[in-house]
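Here is the structure we will look at.
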Amino acid sequence: MSALRRRKAGNIVMLSLTYVASVLATLPLLFILFHLLQKGASTVSPDFFTHMPRPVGEAGGGMSNAIVGTLILIGIAGAIGLPVGIGAGLYLAEKRTGALAMTVRFLSDVLNGLPSIVLGIFAWQFLVRPFGNFSALAGGIALGAMMIPLVTRTTEEMIRLVPNSLREAALALGYPRWRTSLSVILRTALPGIVTGALVAIARIAGETAPLLFTAFGNQFWSTALREPIAALPLQIFAYAISPYDEWHAQAWAGALVLIVIVLVISLAARHVTRARFGSSTD
Amino acid sequence: MTGSAVAARDFSFWYGKNQALHGVNITVPPRSIMALIGPSGCGKSTFLRSINRMNDTIPGARHEGSVLLGGKDVYAPGMDVVRLRHRVGMVFQRWNPFPKSIYDNVAYGPRINLRLRGRELDDVVERSLRRAALWDEVKDRLSETALGLSGGQQQRLCIARALANQPDVLLLDEPASALDPGATQKIEQLLFELKSELAIVIVTHNLQQAGRVSDYTAFFYLGHLVECDATGTLFTNPREARTEAYITGRFG
Chain A
3 MSALRRRKAG NIVMLSLTYV ASVLATLPLL FILFHLLQKG ASTVSPDFFT
53 HMPRPVGEAG GGMSNAIVGT LILIGIAGAI GLPVGIGAGL YLAEKRTGAL
103 AMTVRFLSDV LNGLPSIVLG IFAWQFLVRP FGNFSALAGG IALGAMMIPL
153 VTRTTEEMIR LVPNSLREAA LALGYPRWRT SLSVILRTAL PGIVTGALVA
203 IARIAGETAP LLFTAFGNQF WSTALREPIA ALPLQIFAYA ISPYDEWHAQ
253 AWAGALVLIV IVLVISLAAR HVTRARFGSS TD
Chain B
45 MTGSAVAARD FSFWYGKNQA LHGVNITVPP RSIMALIGPS GCGKSTFLRS
95 INRMNDTIPG ARHEGSVLLG GKDVYAPGMD VVRLRHRVGM VFQRWNPFPK
145 SIYDNVAYGP RINLRLRGRE LDDVVERSLR RAALWDEVKD RLSETALGLS
195 GGQQQRLCIA RALANQPDVL LLDEPASALD PGATQKIEQL LFELKSELAI
245 VIVTHNLQQA GRVSDYTAFF YLGHLVECDA TGTLFTNPRE ARTEAYITGR
295 FG
């Protein structure tokens with residue numbers, strides 16, 4: 003009887019510990035959100051999205067250039083990271099055990115773990131230095147290189163979740179292998195792949211390090227791909243280390259906007275995930 | 045028997061070093077149902093999947109001898125696997141409709157293989173669903189997802205999907221083993237009606253089912269074709285002792 007009581011007590015203790023741990027796991031995010039709202043919410047106004055930064059000493063102004071810049075950088079990164087990542091993921095999933103597949107899988111895991119500052123320095127070495135100036139293109143390519151392994155691995159995992167019976171069904175209907183891969187396997191895995199893509203975008207949207215030596219940031223309005231371009235994380239960084247209170251307020255607001263963008267993308271990803279294998283009528 | 049829809053001549057098959065079939069000789073006449081019976085692992089599914097070469101993708105698989113479809117060796121160098129699978133439909137043990145609409149599932153083959161569009165495609169879809177005895181149950185919801193159908197309906201949808209390619213031969217790998225008796229009966233009735241148009245080869249673990257639906261029955265054991273005969277003869281008067289032992293339930 004006492005053994006039973008001891009086990010029950012142990013159960014309660016362990017349960018409490020995991021409960022505390024799970025609360026602690028969410029605490030940082032809640033704390034950050036609360037703090038950002040407190041510091042930044044008052045500065046976020048319609049102007050923040052539509053106006054350019056004002057000079058020091060002038061109140062108001064916004065980060066329209068940085069928001070547009072971030073969107074352009076995400077666009078470039080996506081144009082590189084999505085096709086390459088999805089293609090590589092499809093290859094890895096279909097050729098599970100080949101020597102090339104094993105190598106690619108390992109290298110993409112290594113690339114995934116590469117500190118982003120290293121990627122930034124490489125991008126500077128090969129995409130900035132030879133051309134003599136910082137550019138949106140270099141920043142976008144650096145972010146794209148970060149996206150590739152993320153998208154590759156999620157694509158591979160999502161494709162592996164497609165039941166083999168569907169592959170057999172398509173092959174048995176006389177579909178060539180390439181068509182089976184495209185129209186059945188990729189099509190079925192699509193919601194999962196979209197989720198993976200959104201998560202990857204959310205991840206790179208907030209990256210600062212790869213942009214420091216590539217996109218560099220820009221105080222002026224610029225959408226030219228060959229010129230330095232503003233980005234939210236860079237603008238936040240520049241404003242946060244400045245000595246001016248107005249700029250500090252802008253940095254808080256920028257951080258709030260950035261985190262909301264990332265949250266919205268993550269929510270969208272969850273929504274798409276829930277629709278997986280669901281009632282698509284297409 | 046006049047001619048054959050499917051035939052095997054001294055057909056052996058290996059998965060790597062493991063020989064799964066030993067010199068199988070069998071003839072499936074046109075417009076008939078051939079049931080393949082035998083204990084698990086006896087090679088009957090391997091043989092079924094050799095007919096439309098679904099085993100090709102397995103690494104280390106090889107064969108000797110030939111499988112003839114309408115007199116032509118399906119393993120001949122000039123044989124196009126894609127063409128072959130248009131002519132030989134297959135239905136699997138676990139129904140596997142695509143996560144698409146009912147219509148799109150059936151239209152899947154003809155849309156690409158026969159390049160049908162519009163009205164012609166509609167006609168093929170309707171005809172195939174009627175042949176699979178599913179039309180009346182789904183005609184009002186063709187655009188809904190196939191995954192909302194019951195198990196038995198999904199399996200009949202898979203049959204309709206295979207029929208839409210207008211095959212000469214239909215292969216079924218334990219099509220009713222996961223279905224309830226009512227759904228099983230519908231499938232069996234359906235097979236009986238279909239055999240006026242094509243040859244059917246069905247793998248089954250259910251001896252009563254083999255007895256009910258098939259014209260011929262082949263008993264496989266340890267990769268050998270032990271005996272193949274008219275179903276009535278094989279069940280009532282088997283030549284081989286092993287066949288008798290299996291059908292009377294003494295092993296397997």
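Heads up: the sequence lines are chains A and B, in that order.
Residue 3 is where the first sequence starts when you use my numbering, and the numbers rise one by one after that.
Residue 45 is where the second sequence starts when you use my numbering, and the numbers rise one by one after that.
For each residue, glycine too, the CB sits at the ideal point set by N, CA and C.
A quick note: this is a predicted structure, and the numbers were derived from the prediction, not measured.
CB contact check: residue i to chain B, cutoff 8 Å
| i | result |
| --- | --- |
| A/LEU32 | no |
| A/GLU209 | no |
| A/TYR177 | yes |
| A/VAL196 | no |
| A/THR275 | no |
| A/GLU96 | no |
| A/GLU170 | yes |
| A/SER167 | yes |
| A/LEU173 | yes |
| A/THR157 | no |
| A/THR190 | yes |
| A/VAL22 | no |
Spatial distance of residue i from residue j (CA atoms)
| i | j | result |
| --- | --- | --- |
| B/LYS183 | B/SER221 | 26 Å |
| A/TYR93 | A/TRP180 | 11 Å |
| B/ARG75 | B/GLY162 | 31 Å |
| A/THR157 | B/ALA274 | 51 Å |
| B/GLY267 | A/ILE203 | 54 Å |
| B/LEU297 | B/ARG129 | The question about residue 297 of chain B has no answer here: the residues shown for chain B are numbered 45 through 296. |
| B/ARG283 | B/ILE77 | 21 Å |
| A/LEU227 | B/LEU160 | 46 Å |
| A/ILE195 | B/ARG205 | 27 Å |
| B/ALA227 | A/GLY91 | 40 Å |
| B/LEU214 | A/HIS273 | 41 Å |
| B/LYS230 | A/LEU168 | 24 Å |
| A/ASP284 | B/SER187 | Its pLDDT being 36, under 50, A/ASP284 is placed unreliably in this model, and the coordinates cannot settle the point. |
DSSP three-state assignment for residue i, whether helix, strand or coil
| i | result |
| --- | --- |
| B/GLU284 | coil |
| B/CYS86 | coil |
| B/SER145 | strand |
| B/ALA52 | strand |
| A/GLU229 | coil |
| A/GLN337 | The question about residue 337 of chain A has no answer here: the residues shown for chain A are numbered 3 through 284. |
| B/ASP259 | coil |
| B/HIS249 | coil |
| B/ASP124 | coil |
| B/ALA151 | helix |
| B/TRP139 | coil |
| A/ARG8 | helix |
| B/GLN63 | strand |
| B/ILE70 | strand |
Residue i at chain A interface by Cβ criterion, 8 Å
| i | result |
| --- | --- |
| B/VAL50 | no |
| B/PRO143 | yes |
| B/TYR59 | no |
| B/VAL111 | no |
| B/ILE244 | no |
| B/MET134 | yes |
| B/HIS107 | no |
| B/TYR119 | no |
| B/MET98 | yes |
Selected residue, minimal CA-CA separation from residue i, among the options
| i | options | result |
| --- | --- | --- |
| B/PHE142 | A/ARG228, A/THR275, A/LEU265 and A/LEU188 | A/LEU188 |
| B/THR287 | B/ILE81, B/VAL132, B/GLY115 and B/LEU65 | B/ILE81 |
| A/VAL164 | B/ASP224, B/ASN140 and B/ALA177 | B/ASN140 |
| B/HIS66 | B/ALA49, B/ARG106 and B/SER48 | B/ARG106 |
| A/ARG155 | A/ARG131, A/PHE108 and A/GLU170 | A/PHE108 |
| A/ARG131 | A/ARG205, A/PHE215, A/SER110 and A/LEU102 | A/PHE215 |
| A/ILE34 | A/ALA271, A/THR275, A/PRO57 and A/LEU260 | A/LEU260 |
| A/ARG173 | B/ASN99, B/LYS61 and B/GLU181 | In the sequence on display, residue 173 of chain A carries Leu and not Arg. Checked all of B/ASN99, B/LYS61 and B/GLU181; the closest Cα to A/LEU173 is B/ASN99. |
| B/SER56 | B/LEU92, B/GLY47 and B/VAL72 | B/LEU92 |
| B/VAL111 | B/ALA49, B/GLY133, B/ARG127 and B/TRP179 | B/ALA49 |
| B/LYS144 | A/LEU113, A/LEU129, A/PRO85 and A/THR190 | A/THR190 |
| A/TYR177 | B/VAL72, B/VAL125, B/TYR147 and B/GLU218 | B/VAL125 |
| B/ASN96 | B/GLY104, B/SER84 and B/ASP117 | B/ASP117 |
Residue i burial status per 10 Å Cβ neighbour count (16 or more: buried)
| i | result |
| --- | --- |
| B/TYR265 | buried |
| B/ILE102 | exposed |
| A/ASP111 | exposed |
| B/ASP180 | exposed |
| A/TYR246 | exposed |
| B/PRO211 | buried |
| A/ASN220 | buried |
| A/ILE243 | exposed |
| A/TRP223 | exposed |
| A/GLU209 | buried |
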